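Peer 1: In this text, residue positions in the sequence shown follow my numbering: the first is 223, and each later residue adds one.
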Amino acid sequence: MIQSMTGFGKHVIQLPTKKITVEIKSLNSKSIDLNARMPSAYREKELEIRKLIANSLQRGKVDFSLYIELTGDETSAQVNEAAVRQYMKQLKSIADGDDLRLLEMALRFPDAMRTDKEDIDDEEYATILKVLDGALVEINKFRSEEGNVLEKDFLQRIKELQELLARVVAMDPERQATVRERLEKAVEDIKTDVDANRFEQELIYYLEKYDITEEKVRLANHLDYFAKTLQSDDSNGKKLGFISQEIGREINTIGSKANYAPMQQLVVQMKDELEKIKEQMLNVL
Numbered sequence: 223m224i225q226s227m228t229g230f231g232k233h234v235i236q237l238p239t240k241k242i243t244v245e246i247k248s249l250n251s252k253s254i255d256l257n258a259r260m261p262s263a264y265r266e267k268e269l270e271i272r273k274l275i276a277n278s279l280q281r282g283k284v285d286f287s288l289y290i291e292l293t294g295d296e297t298s299a300q301v302n303e304a305a306v307r308q309y310m311k312q313l314k315s316i317a318d319g320d321d322l323r324l325l326e327m328a329l330r331f332p333d334a335m336r337t338d339k340e341d342i343d344d345e346e347y348a349t350i351l352k353v354l355d356g357a358l359v360e361i362n363k364f365r366s367e368e369g370n371v372l373e374k375d376f377l378q379r380i381k382e383l384q385e386l387l388a389r390v391v392a393m394d395p396e397r398q399a400t401v402r403e404r405l406e407k408a409v410e411d412i413k414t415d416v417d418a419n420r421f422e423q424e425l426i427y428y429l430e431k432y433d434i435t436e437e438k439v440r441l442a443n444h445l446d447y448f449a450k451t452l453q454s455d456d457s458n459g460k461k462l463g464f465i466s467q468e469i470g471r472e473i474n475t476i477g478s479k480a481n482y483a484p485m486q487q488l489v490v491q492m493k494d495e496l497e498k499i500k501e502q503m504l505n506v507l
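#1: Which residues in the same chain have their Cβ closer than 7 Å to the Cβ of R272, if we skip the five residues on either side of it in sequence?
#2: Is the Cβ-Cβ distance between S287 and L358 less than 8 Å?
#3: Starting from F464, trace the beta strand (DSSP E) both ways and give me its first and last residue.
#4: Taking the straight line between their C-alpha atoms, what separation do you get for I224 and Q236?
#5: In three-state DSSP terms, what is T167?
#6: What residue range is occupied by the uninterrupted beta strand (DSSP E) comprising N277?
#7: Quick check: L249 and L383, are their CB atoms within less than 8 Å of each other?
#8: Which residue from R281, Q308, T239 puts its Cα closest to that of I254?
#9: S262 to I499, Cα distance in whole Å?
#10: Residues in its own chain within less than 6 Å of R365 by CB, not counting five upstream and five downstream?
#11: Just to confirm, are K240 and I316 a CB contact at a threshold of 8 Å?
#12: Rank E270, D318, Y482 by C-alpha distance to the C-alpha of L351 and give the top, closest one.
#13: Below 8 Å, can you find three or more Cβ-Cβ pairs linking the segment 365 to 380 to the segment 391 to 398?
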């Protein structure tokens, strides 16, 4: 089963005095590209959190956000009483005003409030990890659902390519006969006597140059391999990308050897289907 690199997960836990929220968003990327937002007091745990996210999501451009909202009486911010009194004293020396008005003004100045950094206790950090795990479950579920949509699209397009290949195979005898007839007519138009054996040898040489038997077999194998890889237990975006490159190589070779307009039209349709697969492949984990 494949997974998409696009996803969103959110999980919330309410404690007696705090609400802990984790949000994780991801988009496609060649590797893991993680941007973390969290309160400064929790930065000491950032490396460990990054590792947990990277192990779970593997690849993608990931935005991680940790929100800590105080919902009770607990607060880490305190009035810097000494600084506020000094501000009020200075303001009073400049202009008259009642103490309440001076206090309002003083509280707006820098250092009027101070925050005492507190260590994260083990119980709170365990809760944060629990919230993180819940968000990772949600985003991986989202990625799997998106992966199911991609898988159905890929299988449909592989089926289209297989049907187009079947038409190429059915058309090939007609193409070879047309190419042979074209070469014979070209010799006839020259109005020159040629050695029949030599002509037949040259004709075989040119027909071998235009032969696409190997390309048809390899393309059929690549299409089957792509479909089987989709059903594997792990998401194999890079492997599927390599297979799609091989599919493109065989289609291009058939197009260059075809020398027959109806077959080249089928090749154009095959290229169009493959291009749509490659566009979607960029989003597969």
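Just so it is clear, CB atoms sit at the ideal spot from N, CA and C, and this is done for glycine as well.
Predicted, not measured: the structure shown is a model, and the values here were computed from it.
Peer 2: Let's see:
#1: L256, A258
#2: With contacts defined by Cβ atoms closer than 8 Å, S287 and L358 do not form a contacting pair.
#3: From DSSP, F464 is part of no beta strand (DSSP E) but of the alpha helix (DSSP H) over 459 to 480.
#4: 34 Å
#5: There is no way to answer for residue 167, as the model of the chain reaches only from 223 to 507.
#6: N277 -> not in any beta strand (DSSP E); alpha helix (DSSP H) instead, spanning 268 to 279.
#7: no
#8: R281
#9: 43 Å
#10: Result list for R365: Q225, S226, G229, in chain order.
#11: no
#12: E270
#13: no
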